[in-house]
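Take a look at the structure set out below.
Structural data, given as structure tokens:
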């Protein structure tokens, strides 16, 4: 599994907008809380939150690709 440190490196490589990075980190925090509440893997849920907009800058004009580009980056 991807480590949080490696995920943050990907964020720094693909996201330049500071507000978007703050948003992604905030979503990570929310996802970790939800994982605890639902007794799920906090690390997996946190990483999903952190990386959910990894491709946003690349797909902002082609939103149907949003998410799919992140999958390509991670593969």
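In my numbering, the protein residues as written are 200 to 274.
Backbone N, C-alpha and C define an ideal beta-carbon position, used for all residues, glycine too.
If you're wondering where the values come from, they're calculated on a predicted model, not measured in any experiment.
(message) Applying the 10 Å Cβ sphere with the 16-neighbour rule, what's the burial state of residue 200?
(response) exposed
(request) Can you give me the Cβ contacts of residue 208 inside the same chain, cut-off strictly under 7 Å, excluding the 5 residues immediately before and after it? (result) none
(request) With DSSP as the reference, label residue 214 as helix, strand or coil. (result) coil
(message) To the nearest angstrom, how far is the alpha carbon of residue 246 from that of residue 261?
(response) 24 Å
(message) Rounded to whole angstroms, what is the Cα-Cα separation between residue 223 and residue 250?
(response) 7 Å
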